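If you read the sequence shown in my numbering, its first letter stands for residue 1, the second for the next number, and so on.
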Amino acid sequence: MIDFLFKIYIILVFFSVNVGLFQNTFLSFCDEVLLGLSIIINFIFYPKVKGGKQFIFFLIIYLAFCTVNFFISPFSTNIIFMYLQAFINIKAFIIIYAGLILFTLNKSDYFANKIDLAFRLSLKLTVIFLIINFVLGENWNTIVGHKIAFRDGFLRKIGHFGVGAYLAYTLVFLIITYIFINNKKTLKKYHVLIIPFLLIFLYILSELLTYRKIILILLPVTWFIIFDLSLRNKAFIYCLIPFSLIVISSLIFHSDLPIIENSLQDLSKYTTTGHKYIRGLMVYHGFELANTFFPFGTSTGTYGTVLSIKGESTVYAYVGLQRWVELDNVGIYDAVLGSLIGELGYLGIICFYLVLHSFYRTFILELETTQLSLFKILYWYAIISTLIGPFIQSGPGSGIFALCVLYLINRRDKEK
1 MIDFLFKIYI ILVFFSVNVG LFQNTFLSFC DEVLLGLSII INFIFYPKVK GGKQFIFFLI
61 IYLAFCTVNF FISPFSTNII FMYLQAFINI KAFIIIYAGL ILFTLNKSDY FANKIDLAFR
121 LSLKLTVIFL IINFVLGENW NTIVGHKIAF RDGFLRKIGH FGVGAYLAYT LVFLIITYIF
181 INNKKTLKKY HVLIIPFLLI FLYILSELLT YRKIILILLP VTWFIIFDLS LRNKAFIYCL
241 IPFSLIVISS LIFHSDLPII ENSLQDLSKY TTTGHKYIRG LMVYHGFELA NTFFPFGTST
301 GTYGTVLSIK GESTVYAYVG LQRWVELDNV GIYDAVLGSL IGELGYLGII CFYLVLHSFY
361 RTFILELETT QLSLFKILYW YAIISTLIGP FIQSGPGSGI FALCVLYLIN RRDKEK
């Protein structure tokens with residue numbers, strides 16, 4: 001039974017990551033099947049892992065809140081959409097937890113090798129199709145039927161994902177995981193040098209791919225490296241913090257780099273409404289909705305999500321964003337922070353946090369010290385990316401996050 005479930009699970013994870021190769025086929029629904037399978041695995045086998053009972057308890061609390069929120073909200077439309085969105089919000093964490101359960105129940109070399117194979121093959125496919133995209137340029141976009149777009153004079157690369165942001169995030173998740181897992185001794189010896197080299201590499205990558213969000217991986221990488229060093233040498237941390245602040249301030253206030261200038265312009269639009277930057281408007285009105293219906297929200301599946309459009313939510317008309325819906329602006333789905341705070345409200349965000357925290361605590365108990373730093377980096381990068389875009393709520397996003405964590409767990413067991 002467990003053997004069969006694991007085979008199906010790892011196949012679904014692989015196809016979810018690389019779904020761009022199988023668009024318009026039944027395989028494009030792999031992530032929905034994977035989520036359903038993961039929910040079943042979690043509720044049946046949760047006692048098998050440390051912290052499993054706590055995770056399920058807070059998951060039930062979260063779902064109970066979503067139910068109450070649905071019946072209280074004046075914007076509720078479809079209870080099925082409500083539950084679907086409630087699960088989509090925590091999709092990646094449910095899938096990864098199911099993977100941990102299955103791996104705990106079956107640690108055979110066969111399945112360990114399949115995890116390695118899925119990870120390495122996904123990395124190779126991502127790099128190969130990125131190279132093809134560079135070589136063929138606009139012709140590749142035409143071949144795969146994706147619109148041609150530019151930013152700062154560079155073609156926005158899409159690889160085999162069809163969505164450029166997925167390519168950028170996937171590269172960061174895979175490369176960071178591969179480097180940290182396979183070069184631990186070198187990194188441990190020279191980890192002070194990681195940050196500047198990583199900064200240069202990610203800046204070049206972000207300019208070539210035209211996706212600035214990938215540089216955010218530096219936040220958790222820097223934090224946990226500095227934290228690790230601070231445990232050994234407090235004098236180092238006292239010197240590094242002010243130095244880092246000076247460098248960052250200089251970059252922000254004295255640099256004319258497009259990536260910094262554009263990012264600052266976008267961030268300034270999250271607290272006002274006198275502009276046409278839809279992501280900023282979604283976040284602004286999300287907090288407005290949370291304040292209006294405090295401590296509840298408008299209910300999951302009603303604001304900033306695909307299901308809110310399918311359910312013909314009236315929230316957009318309420319906050320004056322209906323014209324953006326009529327224009328079919330994809331930016332509506334990119335402001336996950338605004339969507340979460342608007343749909344869940346402040347009380348719902350607390351329930352959401354408790355699910356994520358119990359997930360985090362489980363892996364703190366499961367992993368050894370050598371793997372813990374990488375898990376924290378991946379986890380917090382996933383959280384950061386969730387707040388600014390729907391990556392890990394998507395099929396490829398939840399799949400790649402799961403694959404990286406499984407690869408990490410797999411390596412842990414091989415080293416024992």
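Glycine is no exception: its CB is placed at the ideal position from the N, C-alpha and C atoms.
All of these numbers come straight from a predicted model, not from anything done at the bench.
- Taking the Cβ atoms as the reference, L340 lies roughly 16 Å from L281, outside the contact range of under 8 Å.
- Bounds of the alpha helix (DSSP H) holding R323 are 322-326.
- Shown here for L117: not one same chain residue has a beta carbon closer than 7 Å to its own, the five before and five after excluded.
- Contact annotation: the segment 344-357 touches the segment 289-306, with at least three C-beta pairs closer than 8 Å.
- Counting only unbroken stretches of 3 or more residues, no beta strand (DSSP E) element lies wholly within the segment 3-44.
- For the pair of segments examined, the segment 360-378 was found to touch the segment 166-183: the number of CB pairs separated by less than 8 Å reaches three.
- DSSP, read as helix, strand or coil, puts L367 in coil.
- Cβ-Cβ distances below 6 Å link F391 to Y169, S385, G397 in the same chain, with the five nearest sequence neighbours on each side left out; the list follows chain order.
- Using a C-beta cut-off of 8 Å, the segment 310-327 makes no contact with the segment 95-104, since fewer than three inter-stretch Cβ pairs fall below that distance.
- Per the DSSP secondary-structure output, L155 pairs in a beta bridge with F150.
- N106 sits in coil when the DSSP states are folded into three classes, being neither helix nor strand.
- Each of I79, I44, L387, S394 was checked against the Cα of V283, and the nearest Cα belongs to L387.
- With at least 16 other beta carbons inside 10 angstroms of its own, M82 counts as buried.
- Here the alpha carbons of L34 and L365 stand approximately 25 Å from one another.
- Bounds of the alpha helix (DSSP H) holding Y62 are 52-72.
- The segment 47-59 and the segment 347-358 touch, with three or more beta-carbon pairs separated by less than 8 Å.
- Rounded to the nearest angstrom, the Cβ distance from A112 to N410 is 5 Å, consistent with a contact under 8 Å.
- V135 sits exposed, since fewer than 16 C-beta atoms from the chains shown fall within 10 Å of its C-beta.
- Collapsing the DSSP output to three states places V49 in coil.
- Annotated three-state conformation of D116 is helix, per DSSP.
- The three-state reading of DSSP puts P390 in coil, since its state is none of H, G, I, E or B.
- Collapsing the DSSP output to three states places V127 in a helix.
- Within the same chain, no residue comes within 6 Å of I128 by CB-CB distance, once the 5 residues on both sides are set aside.
- H160 sits in coil when the DSSP states are folded into three classes, being neither helix nor strand.
- Between I95 and A382, the CB-CB gap reaches or exceeds 8 Å.
- Of all alpha-carbon atoms in I8, I158, C30, L408, the one lying nearest the alpha-carbon of L125 is that of I158.
- Looking from the CA of F293, the closest CA among P74, S308, Y46 belongs to P74.
- Between F150 and W140, the alpha-carbon positions lie close to 14 Å from each other.
- G280 carries a helical assignment under DSSP once its states are collapsed to helix, strand and coil.
- Straight through space, the alpha carbons of I148 and E138 are spaced by roughly 6 Å.
- Setting aside the 5 residues that flank it on each side, T142 is surrounded in the same chain by I148, each with a C-beta closer than 8 Å to its C-beta; the list follows chain order.
- Counting along the chain, no alpha helix (DSSP H) covers E312, and no H or E run does either.
- Contact check for L12 against I41 fails: the beta carbons are separated by 8 Å or more.
- In this structure, DSSP gives G297 a state outside helix and strand, which the three-state scheme calls coil.
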